[in-house]
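**Student:** Sharing a structure here in structure tokens format.
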Amino acid sequence: KLQTERSQSGFNPTPSIDFLHENGHQDTSSLPIANTYINCLNLPLHTSYAVFKDKMDFASGNTHGFGRA
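Counting from 1, position 20 in the sequence shown corresponds to residue 20 in the UniProt record's numbering; the numbering is continuous, with no gaps.
What follows is the structure in structure tokens.
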């Protein structure tokens, strides 16, 4: 694939999601991190969906401009 071709999603580079975990440890204080330069969303693992949703809602509601969320 040529470097100038676009992915099927229309984004270049293709968006990706990475799950953050270290030796099975789940950090409930961690927030998601968005890297807009490489179109990557880094999601920490949480103990429950409720904690995950709370962190996602907080991060997306308090992010302004480019950079890291």
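Glycine included, C-beta positions come from ideal geometry on N, C-alpha and C.
Give the straight-line distance between the Cα atoms of Y37 and K53, rounded to the nearest whole angstrom.
**Tutor:** 24 angstroms
**Student:** Between which two residues does the beta strand (DSSP E) containing F19 stretch?
**Tutor:** According to the DSSP assignment, F19 belongs to the beta strand (DSSP E) that extends over S16 to L20.
**Student:** Please name the residue in N12, G10, H46 and F11 whose C-alpha comes closest to that of F19.
**Tutor:** H46
**Student:** If you draw a straight line from the alpha carbon of N39 to that of G10, how long is it in whole angstroms?
**Tutor:** Rounded to the nearest angstrom, the two C-alpha atoms are 12 angstroms apart.
**Student:** If you follow the alpha helix (DSSP H) that Y49 is in, where does it begin and where does it stop?
**Tutor:** Here the alpha helix (DSSP H) through Y49 covers Y49 to G61.
**Student:** Please name the residue, chosen from S16, M56, T63 and H64, that lies closest to S29 on a Cα-to-Cα basis.
**Tutor:** M56
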